[in-house]
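Residue numbers (this note's numbering): 6 to 279.
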């Protein structure tokens, strides 16, 4: 009985202690709740604020990534658009340069315009780019009044050949510098000499004269006639003592392969009286 009584006393004592502790805590919380909460919130804020800042920084960074990607994408699109504009302007400038060059060629090659109505300016469709380098094809024919035998000039007075074939809207020009084509000329220099110039391609002519002939580099090859058209210019001479002859090399004063326009002198029409 004594042991049971002691145990009951111990339980009562423990319960009383617990009640006292709870009452003490309640009294302390009642009177000091504000300071305690302030300290608690301060500690909590001290611990959690850095975490919140890190979270905010992460959120800001994540939210700025799409903006950055959009900015990069828009810059790429703008860059491509600018490059396209630059390429377009470059093509326009090249086109303007080509037009300006063509106008300059026309100004140079059309110096005769207005002199008479018997000339036709024609464009070269195909040039003497393959052996035997003896013909051109131009973009005018029967429709422009061209006839076989019409003389063909470059610029104002350089004779290059004659019309050999005529079609509805085009014509073929035989070049006097073509292989095997012979042309009567006068070599005009220290003295005037009649000779025969034989073409051998690419605007070149070959002449053979007596070794006593006075021929110099720069002498002109002129076609006999009232117009005295220029055929070529002497470039080289060589005397062969064994045959007592002189070999002369002459060339056209321009590169026939670069000709874009030539001038056709139409033959006069013959009026037939019935």
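Every residue, glycine too, gets a C-beta built ideally from N, C-alpha and C.
Taking DSSP as the reference, what is the three-state secondary structure of residue i?
i	result
residue 160	coil
residue 82	helix
residue 139	coil
residue 280	Residue 280 lies beyond the stretch modelled for the chain, which goes from 6 to 279, so this question has no answer here.
residue 182	coil
residue 151	coil
residue 176	strand
Does chain B have any CB closer than 9 Å to the CB of residue i?
i	result
residue 168	Among the chains of the structure shown, chain B does not appear; only one protein chain is present.
How many Å lie between residue i and residue j at the Cα?
i	j	result
residue 150	residue 127	12 Å
residue 165	residue 264	11 Å
residue 160	residue 214	30 Å
residue 2	residue 139	The shown model of the chain, from 6 to 279, leaves out residue 2, and the question about it has no answer.
residue 192	residue 230	13 Å
residue 2	residue 162	This structure gives no information on residue 2, because the portion of the chain shown stretches from 6 to 279.
residue 247	residue 157	39 Å
residue 194	residue 233	14 Å
residue 86	residue 77	14 Å
residue 95	residue 82	20 Å
residue 120	residue 189	Caution applies to residue 120, whose pLDDT of 43 falls short of 50 and renders its modelled position unreliable; the model cannot decide the point.
residue 219	residue 252	12 Å
residue 202	residue 92	51 Å
residue 196	residue 147	42 Å
residue 235	residue 259	11 Å
residue 80	residue 142	53 Å
residue 155	residue 245	38 Å
residue 185	residue 90	54 Å
Alpha carbons only, please: which of the options is nearest the one belonging to residue i?
i	options	result
residue 254	263, 238, 264 and 191	238
residue 187	200, 177, 178 and 196	200
residue 179	167, 185 and 190	167
residue 212	233, 92, 258 and 243	243
residue 177	204, 133, 185 and 217	133
residue 124	241, 79, 141 and 152	152
residue 249	227, 95 and 216	216
residue 183	204, 169 and 189	204
residue 261	94, 131 and 83	131
residue 227	181, 89 and 241	181
residue 144	241, 129 and 154	129
Next item on the list: Assess, as a yes-or-no matter, whether the stretch 212 to 227 is touched by the stretch 166 to 183 under the definition of 3 or more beta carbon pairs within less than 8 Å.
Entry: For the pair of segments examined, the stretch 166 to 183 was found not to touch the stretch 212 to 227: the number of CB pairs separated by less than 8 Å stays below three.
Check: Do the stretch 207 to 215 and the stretch 265 to 274 meet, that is, are 3 or more Cβ pairs less than 8 Å apart?
Finding: Taking a cut-off of 8 Å on C-beta distances, the stretch 207 to 215 does not touch the stretch 265 to 274, as fewer than three cross pairs fall below it.
Notebook entry, point to check: What beta strand (DSSP E) runs, 3 residues minimum, are completely inside the stretch 193 to 273?
Noted result: Correct list: 197 to 204, 209 to 215, 225 to 227, 235 to 245, 250 to 256 and 266 to 270.
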